Every structure is written in C-alpha cells, then in structure tokens.
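Note that the numbering used here has the sequence shown beginning at 852, numbered continuously upward. Below is one structure, written out as structure tokens; comments come after it.
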Amino acid sequence: MSDQPDLPRTDAPQASHSAPIVSLQDYRQSRDTLPVTFHRKELDSILWIYGRMVGEGEWRDYAIDHLKDKAVFSVFKRSGELPLYRIEKDPKLAARQGAYSVIHTSGRVLKRGHELTQVLKIFDKKLKLVE
852 MSDQPDLPRT DAPQASHSAP IVSLQDYRQS RDTLPVTFHR KELDSILWIY
902 GRMVGEGEWR DYAIDHLKDK AVFSVFKRSG ELPLYRIEKD PKLAARQGAY
952 SVIHTSGRVL KRGHELTQVL KIFDKKLKLV E
C-alpha cells in the first residue's frame, strides 16, 4: 500500500450523464433531407434539348446542381460566364404554378408549368441571346 491518496485514473473512461453515442452516418441520415434531383426521364428530355442546341452552336457547356429545395440544370454559351438559361425543378411549387421553370440570365421566368416537356417547348422557338 502506498501513502498517496487515491486519485482517479486519467486513462479510464469517466462516468457521466452524457448522450448516447450515435454513428455519424445515422445522424446525417436522420437530420439531412435528400436533395432534389432530376429523374432519368427528366434528364433525357433536358439533354436532348441540350444536344440540339449544342449542334446549332448556341450552347457549349452545362452544370447540374442538386440542392435541398430544387434541382437546377444551367446552360452556358461559354464556360466561366453566367448561365444563359436555368431549367429548375422546385417541388414546393408543384401544387401552384408547376414545379418546372425556364429562367433567363436576367432572372425573368420565361415559362413555368407542371409538365417538363411542355416547359421545354420554349426552346422549340428560336431563342437567341441579344448582346
């Protein structure tokens, strides 16, 4: 026996009233909602229009963003610029004006609707950027 007082061991876990241990993956799945995405059929429709416009020399690049509240397909004349058009899917607007919209660089909504194929018909007309 030693004459030193009993001290708590620092390498032993401390008993405390802490929260239970939860895996990070389980926590993220319970807290984070999945982002809004384009489905395969929607992407097929958008990429068909994109391919046609690339063939005509109007568009040259694109970007897809899947955000918490909406999915955005942006098309560019040249990479590094602002997008010419944004094709957006916003499920919160589905019951009202329609989840799909085409938005111009200026922020003006060119067409909105419940059906993506109907909204994309705006590109059947000759839309050109006036510089």
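Just so it is clear, CB atoms sit at the ideal spot from N, CA and C, and this is done for glycine as well. This one's a predicted model, so the numbers in the text were calculated from it and none came from an experiment.
Residue range of the alpha helix (DSSP H) that residue i falls in?
i	result
Ile897	891-906
Skipping 5 residues on each side, what residues in its chain have a beta carbon closer than 6 Å to that of residue i?
i	result
Ala950	Lys940, Asp941, Pro942, Leu944
Ile915	Phe924
Ser952	Glu939, Val960, Arg963
How far does the beta strand (DSSP E) with residue i in it reach, from first residue to last?
i	result
Asp916	912-917
Phe984	Past the edges of the chain, shown from 852 to 982, lies residue 984, and the structure says nothing about it.
Ordered along the chain, which non-local residues of its own chain (more than five positions away) have a Cβ less than 7 Å from that of residue i?
i	result
Asp920	Val887, Asp941, Lys943
Leu933	Thr956
Ser896	Leu967, Thr968, Leu971
Pick out whichever of the options has its Cα sitting closest to the Cα of residue i.
i	options	result
Arg891	Asp877, Leu967, Met904	Leu967
Gly931	Leu918, Trp910, Ala946, His917	Trp910
His917	Lys962, Leu894, Leu961	Leu894
Phe974	His965, Ile954, Gly958	Ile954
Glu905	Leu935, Pro871, Asp877	According to the sequence as given, residue 905 is Val; it is not Glu. Per the Cα distances, Leu935.
Arg947	Leu875, His965, Arg937	His965
Between which residues of its own chain and residue i is the CB-CB distance below 8 Å, once the five residues before and five after are set aside?
i	result
Tyr913	Tyr901, Phe924, Ser925, Val926, Phe927
Thr884	Lys919
Quiz item: Where are the beta strand (DSSP E) runs, 3 residues long or more, that stay fully inside the stretch 933-971, in chain order?
Solution: 936-940, 951-955, 960-964
Exercise. Determine contact between the stretch 920-928 and the stretch 886-903, defined as no fewer than three beta-carbon pairs at a distance below 8 Å.
Key: yes
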